[in-house]
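Going left to right, the sequence shown walks through residues 205 to 482 as this note's numbering numbers them.
Built from N, CA and C at the ideal position, the CB exists for glycine as well.
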Amino acid sequence: MHTPFDPEQACLESCESIRAIIGDFRPELAIVLGSGLGGFGDRIHVDHCISYSDIPHFMPCHVAGHSGNLLFGTIRKKKVVCQQGRYHYYEGHDPQHIVHPIRVMSQLGAGNLLVTNAAGGICEGFVPGDIMLIRDHINFMGMNPLRGTNPDGMGTRFPDMSYAYNSHLSAFMLEAALETHVFLREGVYLAVPGPSYETPAEIRMFRTLGADAVGMSTVPEVIAAVHAGMQVVGLSCISNVAAGLTEQVLAHDHVAEVVGSAGRQFEDLVACWIGKIT
Ligand code: HPA
Numbered sequence: 205m206h207t208p209f210d211p212e213q214a215c216l217e218s219c220e221s222i223r224a225i226i227g228d229f230r231p232e233l234a235i236v237l238g239s240g241l242g243g244f245g246d247r248i249h250v251d252h253c254i255s256y257s258d259i260p261h262f263m264p265c266h267v268a269g270h271s272g273n274l275l276f277g278t279i280r281k282k283k284v285v286c287q288q289g290r291y292h293y294y295e296g297h298d299p300q301h302i303v304h305p306i307r308v309m310s311q312l313g314a315g316n317l318l319v320t321n322a323a324g325g326i327c328e329g330f331v332p333g334d335i336m337l338i339r340d341h342i343n344f345m346g347m348n349p350l351r352g353t354n355p356d357g358m359g360t361r362f363p364d365m366s367y368a369y370n371s372h373l374s375a376f377m378l379e380a381a382l383e384t385h386v387f388l389r390e391g392v393y394l395a396v397p398g399p400s401y402e403t404p405a406e407i408r409m410f411r412t413l414g415a416d417a418v419g420m421s422t423v424p425e426v427i428a429a430v431h432a433g434m435q436v437v438g439l440s441c442i443s444n445v446a447a448g449l450t451e452q453v454l455a456h457d458h459v460a461e462v463v464g465s466a467g468r469q470f471e472d473l474v475a476c477w478i479g480k481i482t
């Protein structure tokens, strides 16, 4: 018989298996690396690299540009856990599986979360290679990872999303951008389920709704993180101008390529930010 996924029990089991490897290593910051941004892992002095396939309740990671490892290590004297590769709704994963690593990283001690992604630029003037600090989001995915029985031990039934993106930690990102000479955009990220890219009419609608960038991830993780009481900061790497705003044809290979070439700036920015956060 199919037993329903119990998030609290699954979390305990994942953490137990991870702790058997990492011992008393206690990360303070969790990082989720989006498409093409996995290279940031090289900036971390890695103590432990655990493949998702070796952690109970972690699904295999299939998307190109996502490697599927949980890294534990140090950068700028901060202990971090880094999700090198994430799960997407369009892959067919249950929402609860998508957010499971977030809950595990929270349970392992991480009070702060940096989420990153590749996104299409909607705001006029955004160009490929730009980096955007996420100020807020719009959940257009048609799902919420907290649907179902609330795991009361993890968080409240009705979490407040008014301050989902922490202004204090975001202010440090603005400082880090000045120091690393990164021109940092700011805006609202809108999440769609994917995997098809948007139509030009959808993009015009999203712009009217107040979105500055569009992507297929991040929002479920941020909801689960807020639910778990984490302080969240988000960065989008603009990989393309959204559909209909240029003549360009959209393709995932191109997305990963553009994000990869903006990688150096992104990595400098994030490393500098990590040095600042308290
Ligand atoms: N739309 C949705 N998701 C994306 C895009 C886009 O234009 N670019 C990168 N991820």
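Taking only beta-carbon atoms, is residue i less than 8 angstroms away from chain B?
i    : result
F387 : Considering every chain present, this structure includes no chain B. It has just one protein chain.
If you measure between the beta carbons of residue i and residue j, is that distance less than 8 angstroms?
i    : j    : result
S443 : H292 : no
S440 : Y393 : yes
L350 : I427 : yes
Y369 : D340 : yes
T320 : L241 : yes
I342 : I478 : no
I407 : L454 : no
E495 : I338 : No statement about residue 495 is possible, as the shown extent of the chain runs from 205 to 482 and does not include it.
G194 : V423 : This structure gives no information on residue 194, because the portion of the chain shown stretches from 205 to 482.
Identify whether residue i lies in helix, strand or coil by the three-state DSSP scheme.
i    : result
F276 : strand
I259 : coil
C286 : strand
L388 : strand
L394 : strand
D251 : strand
I222 : helix
I235 : strand
Y293 : helix
Under 7 angstroms from any heavy atom of the ligand HPA, does the C-beta of residue i make it?
i    : result
E471 : no
N343 : no
A405 : no
M309 : no
Y401 : yes
M336 : no
L454 : yes
By Cβ distance, which residues of its chain are closer than 8 angstroms to residue i, with the 5 residues on each side in sequence left out?
i    : result
L382 : none
D298 : F209
Please return the same chain residues whose Cβ sits closer than 6 angstroms to the Cβ of residue i, not counting the five positions on each side in sequence.
i    : result
A234 : V285, M309, A314, L317
H249 : G277, T278
G238 : T320, N321, A322
Near residue i, which residues of its chain fall below 7 angstroms by C-beta distance, leaving aside the five closest residues on each side in sequence?
i    : result
C219 : V308, Q311, L312
V463 : S239, G240, L241, A322, C441, S443
Open item on the list: So within the segment 416-478, which uninterrupted alpha helix (DSSP H) runs reach at least 4 residues, ignoring any that extend past its ends?
Closed with: Segments of the alpha helix (DSSP H) lying fully in the segment 416-478: 423-431, 456-465.
Open item on the list: In chain order, what are the residue ranges of uninterrupted beta strand (DSSP E) at least 3 long that sit wholly in the segment 297-364?
Closed with: 316-325, 335-343
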